[in-house]
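> Mind having a look at this structure? Questions to follow.
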Amino acid sequence: MRFYLFIYLFMSTVLYAEDWQQAFGPNDDFTVNGKAVDSFSVSMNENILWRSQMPSTGQGTPIISNGRVFITSHERMEKDSEMGSDIVGICLDAKTGKKLWERRIPGTRTTDLSSLFSDNTAASPVSDGERVVFMNVGGTIACFDFEGKELWTHKWTPFGRHHARAHEPILHDGMIIVAHTPKYDLPVEATTKAGSKALGRGKEYWNFLRAYDLKTGKLLWQAEAGTSVHSTSMLGQLTKGKLAILTGRGGGHQPPEEPYGLSMIDLTSGMSIWDQSIKGYPAAQNTSWNKNGVYFFAGSMHQSLSSRTGQMKKEASIFEKVTITKWNGREYETKNDQTLKKSKKPITYFTNILIGDYHFFRSFEGFMIGRVNLKNGKVEYFEVPAQVIRQKGKEVELLWGKTIPNDMKNADGFKATMDKRNAGSGWGHVSSAPPIVIGDLIYFPTMVGMVYVLKWNANSFDEDALVSVGDLGRAGETWSLSGLAYADGKVFARTMKELICIGE
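Mapping of the sequence shown onto my numbering: residues 1053 to 1556, in sequence order.
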């Protein structure tokens, strides 16, 4: 086990042609073949190629396409601020981090900045190598060419109940699939919890997946089934090669789309292949699936459905008869057949990912990373330090079970936050950034700027699986709900303060 390594690098010597053109990566599932550095530190400037200051806070994943990096940010602030509406779409040179241009993307909804449940920058850009689409989830999609010329735009008024916006735009074969309410004459009050509840739960207020032509902005289809604002829908392939999107409904604050559960959507038409009602489906997770099955967490169980029919296949407890490897104050200790205290929710939101025979996640409580063996149902937990503090001239400090409160300041030194929970650990009740897999390694980012790097296919999920714990900046001064991206052998990360390129 090692928490920090700067001598040995696991780095490929070849260039990789695949870009990271959407939040899900080139394979639509947060995974990619390749090799990247397996240890880094922004606070110590180790394996950092460049850093580029951001105008203000933001949450989307950096997108890499044809030598450019695209990212969104809330507009620059002149004082401490709690709320924001308009965002900017930014284009940078992928090799140097130099900003090439930025464009304002207005919103009709004002929301709290740096919310741990998403703000107006939560949706990542998408790009096909010629065009880029930025989305302000507060009510605007805008498409530009690579020189920053606007090609088309589309606006609406979001329906409230909760300000969460978990869906990431999906890019495929000349179309972009986003999620929003199709009703265009909503009053601004409908963007708030109180204002939206007064309007009721009618289908005209539902959130739907909607596919647009990337070149023209023309609407191609609207999904038959609704999609909760708490669900991250994902594209995949059924057994006979048919492409489909798995989407979900449910979650906190009584979202109106019903029935709560999952739907498999035909990519070409938006029609439902199947709809499955699932009691207690929490929605706040990545809709992970492949041709072998649909896999999700609900209550105390890990469950699976047939991806072809939606019928239940099997389930297993994630709290009973599990293997736990924990730090006892001196060393790691592994115990089998344990009963883990049931947490309020099964996982930290959106931290689940499928790779090989495993379904990985971060625990809701206890600062543990877990994995479920899809073949035999075995559940393993591995405790990690909640925070690693690195300072020049001092020994590395490991914090177990707690983190330093974040200062919530952007690069200009202004606080961009309203909810005190935004300064927390990034575990539990938070819409976290997803992990990604690069080759043999899985990278788990957290809100305080930690990145846990592990061997996902390790025989035993214990201290031998841990490769390193990287950081995206100084402890207490680094905040991020952005996913990681990978292209050309490099890892790209974004914090409230800056965009970072990680590599040798």
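Even glycine gets a Cβ: it sits at the ideal position worked out from N, Cα and C.
Count Cβ pairs between the region 1327-1342 and the region 1285-1303 that sit closer than 8 Å; are there 3 or more?
yes
> Could you pull the start and end residues of the beta strand (DSSP E) that S1104 belongs to?
1100-1105
> Check whether the Cβ atoms of T1386 and V1482 lie closer than 8 Å to each other.
T1386 places its beta carbon 8 Å or farther from that of V1482.
> Who are the Cβ neighbours of V1121 in its own chain at under 6 Å, not counting the five residues just before and after it?
P1114, L1144, A1146
> Is the distance from the Cβ of M1135 to the Cβ of L1165 below 8 Å?
yes
> Quick one: which unbroken beta strand (DSSP E) runs of 3-plus residues sit fully inside the region 1367-1428? Chain order, please.
1374-1379, 1384-1390, 1405-1407, 1410-1414, 1420-1425
> Label G1159 either buried or exposed according to how many other C-beta atoms from any shown protein chain fall within 10 Å of its C-beta, with 16 as the threshold for buried.
buried
> Going by DSSP, what residues sit across from V1346 in a beta bridge?
In the DSSP output, where bridge partners are listed per residue, V1346 has W1341, L1357.
> Please state whether the Cβ-Cβ distance between L1392 and H1411 is less than 8 Å.
no
> Ordered along the chain, which non-local residues of its own chain (more than five positions away) have a Cβ less than 6 Å from that of T1403?
Cβ neighbours of T1403 beyond the five flanking positions: F1413, R1414, S1484.
> Output yes or no for whether 8 Å exceeds the beta carbon distance between E1370 and G1422.
The amino acid at residue 1370 is misidentified as Glu; the sequence shows Ile. Cβ atoms of I1370 and G1422: closer than 8 Å.
> Quick check on DSSP: helix, strand or coil for K1249?
helix
> Mind reading off the beta-carbon distance from A1527 to I1441? Whole number of angstroms is fine, and I expect it under 8 Å.
4 Å
> Can you tell me whether V1521 is helix, strand or coil according to DSSP?
strand
> What residues in its chain sit with their C-beta under 6 Å from that of H1305, if we drop five residues either side in the sequence?
R1213, H1214
> Grab the span of the beta strand (DSSP E) containing I1193 for me, first residue to last.
1192-1197
> What does DSSP give as the partner residue(s) for G1300 in the beta ladder?
Partner(s): L1314.
> The beta strand (DSSP E) with Q1439 in it runs from where to where?
Per DSSP, Q1439 belongs to the beta strand (DSSP E) from 1439-1441.
> How should R1054 be labelled, buried or exposed, when 16 other C-beta atoms within 10 angstroms of its C-beta is the threshold for buried?
With a pLDDT of 47 at R1054, under the threshold of 50, the predicted position of this residue should be treated as unreliable, though the coordinate-derived value follows. A residue is called buried when at least 16 other Cβ atoms come within 10 angstroms of its Cβ; R1054 does not meet this threshold and is exposed.
> Between W1326 and G1381, which are expected to be in contact by the criterion C-beta below 8 Å, what is the C-beta distance as a whole number of angstroms?
So it is not a contact: roughly 50 Å between Cβ atoms.
> Which residues in the same chain as A1475 place their Cβ atom closer than 6 Å to its Cβ, once the five residues preceding and following it in sequence are excluded?
P1457, N1458, M1460
> Kindly provide the ranges of any beta strand (DSSP E) runs that are 3 or more residues long and lie completely inside the region 1129-1201, ordered along the chain.
1139-1145, 1151-1157, 1183-1188, 1192-1197
> Do you know how far the Cα of W1102 is from the Cα of H1282?
34 Å
> Does the region 1242-1250 come into contact with the region 1272-1282, if we say contact requires no fewer than three beta-carbon pairs (one atom in each stretch) closer than 8 Å?
no
> Looking at T1284: is its Cβ nearer than 8 Å to the Cβ of N1259?
No Cβ-Cβ contact shorter than 8 Å links T1284 with N1259.
> Which residues does DSSP list as the beta-bridge partners of W1479?
None; W1479 has no bridge partner.
> Out of A1539, M1096, E1556, which one is the CA nearest neighbour of V1448?
M1096
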